[in-house]
Every structure is written in structure tokens, then in C-alpha cells.
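Undergrad: Protein chains in written order, with this note's numbering: chain A, 69 to 270; chain B, 13 to 218.
We put the beta carbon where it would ideally sit given N, CA and C, even for glycine.
#1: Note down the Cα distance separating residue 23 of chain A from residue 170 of chain A, rounded to an integer number of angstroms.
#2: Pick from B/30, B/62, B/23, B/49: whose alpha carbon is nearest that of residue 206 of chain A?
#3: Here's the rule I'm using: 16 or more other beta-carbon atoms within 10 Å means buried, otherwise exposed. How should residue 54 of chain B be labelled?
#4: Residues of chain B with a CB under 8 Å from the CB of residue 188 of chain A: which are they?
#5: Check the Cβ of residue 121 of chain B against every Cβ in chain E and list those closer than 9 Å, keeping chain order.
#6: Please look up how many angstroms separate the CB atoms of residue 27 of chain B and residue 177 of chain B, rounded, as I've assumed it's under 8 Å.
#7: Which term fits residue 191 of chain A, buried or exposed, when burial requires 16 or more other beta carbons within 10 angstroms of its beta carbon?
#8: State yes or no: is the beta carbon of residue 25 of chain B nearer than 8 Å to at least one beta carbon in chain A?
#9: Taking only three categories from DSSP, how would you classify residue 196 of chain B?
#10: What residues in the region 156 to 167 of chain A bring their beta carbon closer than 9 Å to a beta carbon of chain B?
#11: Sorted by chain position, which residues of the same chain lie with C-beta nearer than 8 Å to residue 218 of chain B's C-beta, five sequence neighbours on each side aside?
#12: Identify every residue that forms a DSSP beta bridge with residue 75 of chain B.
#13: For residue 163 of chain B, which residues of its own chain have a beta-carbon under 8 Å away from its beta-carbon, when the five flanking residues on both sides are left out?
#14: Could you check where the beta strand (DSSP E) with residue 90 of chain A kicks off and where it finishes?
#15: Return yes when the Cβ of residue 146 of chain B is within less than 8 Å of the Cβ of residue 115 of chain A, no when it is not.
#16: If you measure from the beta carbon of residue 271 of chain A to each beta carbon in chain B, is any gap under 8 Å?
#17: Provide the residue span of the alpha helix (DSSP H) that contains residue 28 of chain B, from first to last.
#18: Taking 8 Å as the threshold (beta carbon to beta carbon), is residue 111 of chain A in contact with chain B?
#19: Interface residues of chain A around residue 150 of chain B at Cβ under 7 Å?
#20: Under the assumption that residue 121 of chain A contacts residue 72 of chain A (Cβ atoms under 8 Å), give the Cβ distance between them as a whole number of angstroms.
#21: Please state whether DSSP places residue 193 of chain A in a helix, a strand or coil.
#22: Helix, strand or coil for residue 100 of chain A per DSSP?
#23: Taking only runs of the beta strand (DSSP E) that begin and end inside the region 95 to 172 of chain B, which ones reach a length of at least 3 residues, in chain order?
#24: Taking the Cβ atom as the reference point for each residue, do residue 111 of chain B and residue 131 of chain A lie within a distance shorter than 8 Å?
#25: Interface residues of chain B around residue 229 of chain A at Cβ under 8 Å?
#26: In three-state terms, what does DSSP make of residue 18 of chain B?
#27: Any idea if residue 197 of chain B is buried or exposed, counting beta-carbon neighbours within 10 angstroms, 16 or more meaning buried?
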């Protein structure tokens, strides 16, 4: 398999964490891809111009990260990252959507912050910040139920919090959210997380 | 207790959910509450902290989002044919096609934000072009390989149809059918489904 990869993308990190957790990482070749480069060829694999995109051994291209993660989870016989059915499945998928939505908002905030005056919109930045703050408050309320298990919801939350540490270290999201901070401290110690810490390309 | 769907009549993501509900004969179990996603009311934010529609409250009182999760949940209710293939290649291709349709919606909505939400600041060069490029490449990929016209449709076809319907609704000036006769023909046939006719996009302001 071939993965269109970026070391800074939190959505790619989700895929990599799942690949480590499921023992599939050795079967995936990484193709470093900068979707912001003017000459990027990512459009050949994903018309939307985004990473991650996975080319399967059968030659099909899959995206976006929830689809790739679930596909990888179908390729192994170990403990499943995606609960098969019932309340456990909907809780995990809803948490993944919440974490991915936090990232979507965080990335919109970052892109807006990178615009120059007078094109930068303070109200748009505030709107994204507020959505992320509410989502983190919800996670703080849920954090005592996260436990030590690993579902796609946990993976997505871990990658989202890690990304906010990476891109917005001044936010101090842990302030007022001690239960979530404690859960993250434990989760971030998993080998799948320590091996995929985001970093800017050299 | 009924299912409660928080939606907007102009949202392509909410339309996906409503089309899925129609296709599976579930509309009678729904109560629909329209909300303006640009000024999300507090009770919507309490259900979904991201303040986004669609958000579904299940009969057990669980709040679900986003549209892909809601659609898959609806697929487990009732006994109509499934919109999500359960496994194998068919499943991954349907989910990938759903992501393509959702991605067109994402790009179109971001483009629309430039027009409606950031009009004081004005557009940033390159930003609109980036969104337009994603839409054009996705449409070209779909022209090469339009979704199947299977009945019942799968979630991928529904997502593409809702994305194209949104382009017609907000981006008529794109003339997306030009140079894409196969996709135009596919959409014309799909748009005749009662589920599509019953959920045609309209402005929430009436």
C-alpha cells in the first residue's frame, strides 16, 4: 500500500496511529507530499488535493482519513479500532467527528491567521476558536469515560490534541480541563503516538 | 420518542441525510428543526459543540454528527435496502465516493464563505482558486467515471448528487455541466428520484 503522507497533517497522523496500533505499518509505503507546493501531483491520487490518500494493494485510491482508517482496520485480526455495531460504534464515530471537526476549525483558524491584513478576519478566527473551545469542554466532560481502550474516537481525539500542542502551543488547552489533560498524557505515551509526533520538515 | 434532525434547507450535508432518510422510508420517524448554522442557537451547540448541522438526536437521546455518521446510523434502522455496502470493495468505493462528494461540498462552502462571511475583508488571491481547483478536478474525475445509477442508490451516489445540487443552487455560474455530458446525464436521471425532489435546496430565509 502507498500512503500520501505529510509529517504535519493530523489527519495523516490518525492513519499512521491506526497503522501502528493494528500492526500494519510495515505494509505501508510513505510518499511525502506537500499539498501546498505549486507543482504537487496529489490531484492524480485525490482530486480534492488533500492528504491522506491511500492506494490499496488492489490499486484503488481511498480517502479521507475516516475511510482509510476503517479500511486498515478491516485488514487485521487483532482488536478492532472501529467497534462493529451498536452504541459503542456510534460513540466512537461521533467522537471521531468531534475531533476531526476540531481540527477542521483549527486549520481554518491557522489559515486565516496566515492571511495578511486587511484580508484577515478577526471574527472568523474567533468563530473557529470558540468552536474548538466548546468541543474541548465537551471532551473534558466525557474524559472520565474514555478509559484505557483504543477506538477511532480515542485516536482522533489524541491526534487533535497533539496538533493543537504543535500549532497553538500558547493556547494552554489543559487549563481548566484536568481530566482531559490526564487522559491525553497517558494516551500520548502509547508507542503509536510517540512514533508519530508531528514535526515540520527539515 | 421521535428522531430529531437539526438541519438547514440550504445545507448539502443535511440534504444527504434527508435523502438517505427518504430512500429508506424513515421520514415518518423524523421531526425536523431548521437552524441557521451561521448563528447556531445555544441548544444546537449543546448537542453539537461544533455548532454544525446536520445533527441527529436518536430515539435513545444520543446526539450524532457529522452527516456521514448520521447516514450510517440511519442505515441500521428499519428493514429497507442498505445504502452502505456492509463490507469489501463495494463498501470502500462507496465510502470513497461519499468523501469525494463531501469534499466538493467542503470546497464549495469554503468558497461561499469568501463571498458571504468575509466580504468586508475581501478574497485572498489563491484561496478561491484553490477551492475551485478541487471542485473542477473532482467533477472531471466524476465525468470519467460517473457513479452507478443503481436502485437503490448507495451513499456515494447520494453524496455526489447532493454536491452537484449544491453547485446548481449556489454556483450556477460555474456551468458544471459544460464539457461533462456523462455526469450531467447521470445527475439528470438521479435528480428525478422522489428523495431528491422532496429535498430540493432552498434558502432558509424563504
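TA: In short, the structure shows the following:
#1: Any property of residue 23 of chain A remains undetermined from this structure, which presents chain A solely from 69 to 270.
#2: On the first chain, position 138 is the one that residue 206 of chain A refers to. Closest by alpha carbon: B/62.
#3: The residue labelled residue 54 of chain B in the question sits at position 42 within the second chain. With fewer than 16 other Cβ atoms within 10 Å, it is exposed.
#4: Against the first chain, residue 188 of chain A aligns to sequence position 120. The contacting residues are 133.
#5: Any reference to chain E falls outside this structure, whose protein chains are A and B.
#6: As a first step, residue 27 of chain B must be located in the second chain, where it is residue number 15. As a first step, residue 177 of chain B must be located in the second chain, where it is residue number 165. Right, the Cβ-Cβ distance comes to about 7 Å (below 8 Å), so this counts as a contact.
#7: Position 123 of the first chain, counting from 1, holds the residue named residue 191 of chain A. Exposed, since its Cβ has fewer than 16 Cβ neighbours within 10 Å.
#8: Along the second chain, one-based indexing puts residue 25 of chain B at 13. So no, residue 25 of chain B is outside the interface.
#9: Here residue 196 of chain B refers to the residue found at position 184 of the second chain. If DSSP states are grouped into helix, strand and coil, residue 196 of chain B belongs with the helices.
#10: 157, 158, 159, 161, 162, 164, 165, 166
#11: Here residue 218 of chain B refers to the residue found at position 206 of the second chain. With a pLDDT of only 40 at residue 218 of chain B, under 50, the local geometry of the prediction cannot be trusted, and the value read off the model is given with reservation. For residue 218 of chain B, where only same-chain residues beyond five positions count, there are no Cβ hits under 8 Å.
#12: As a first step, residue 75 of chain B must be located in the second chain, where it is residue number 63. In the DSSP output, where bridge partners are listed per residue, residue 75 of chain B has B/69.
#13: Taking the first residue of the second chain as position 1, residue 163 of chain B is located at position 151. Counting only Cβ-Cβ distances below 8 Å, and skipping sequence neighbours, we find nothing.
#14: For the purposes of this step, residue 90 of chain A is taken as residue 22 along the first chain, with counting starting at 1. First-last for residue 90 of chain A: undefined, no H or E at that position.
#15: On the first chain, position 47 is the one that residue 115 of chain A refers to. On the second chain, position 134 is the one that residue 146 of chain B refers to. For residue 115 of chain A and residue 146 of chain B, yes; Cβs fall inside 8 Å.
#16: Past the edges of chain A, shown from 69 to 270, lies residue 271 of chain A, and the structure says nothing about it.
#17: Your numbering for residue 28 of chain B matches position 16 in the second chain. Where residue 28 of chain B is concerned, the enclosing alpha helix (DSSP H) stretches over 24 to 35.
#18: Sequence index remark: in the first chain, residue 111 of chain A carries index 43 (1-based). By this cut-off, residue 111 of chain A is an interface position.
#19: Taking the first residue of the second chain as 1, we reach residue 150 of chain B at position 138. What residue 150 of chain B touches in chain A: 115, 116.
#20: Position 53 of the first chain, counting from 1, holds the residue named residue 121 of chain A. Position 4 of the first chain, counting from 1, holds the residue named residue 72 of chain A. Confirmed, about 4 Å.
#21: Counting from one through the first chain, the residue named residue 193 of chain A turns up at place 125. If DSSP states are grouped into helix, strand and coil, residue 193 of chain A belongs with the helices.
#22: On the first chain, position 32 is the one that residue 100 of chain A refers to. Residue state, collapsed to three classes: strand.
#23: none
#24: Here residue 111 of chain B corresponds to residue number 99 of the second chain, with the count starting at 1. Here residue 131 of chain A corresponds to residue number 63 of the first chain, with the count starting at 1. Against a cut-off of 8 Å, the Cβ pair of residue 131 of chain A and residue 111 of chain B comes out as a contact.
#25: As a first step, residue 229 of chain A must be located in the first chain, where it is residue number 161. Going along chain B, no residue has its Cβ under 8 Å from residue 229 of chain A, so there is no contact; the nearest lies around 15 Å.
#26: In the second chain, residue 18 of chain B corresponds to position 6, counting from 1. Residue 18 of chain B falls in the strand class under three-state DSSP.
#27: Along the second chain, one-based indexing puts residue 197 of chain B at 185. Burial call: exposed.
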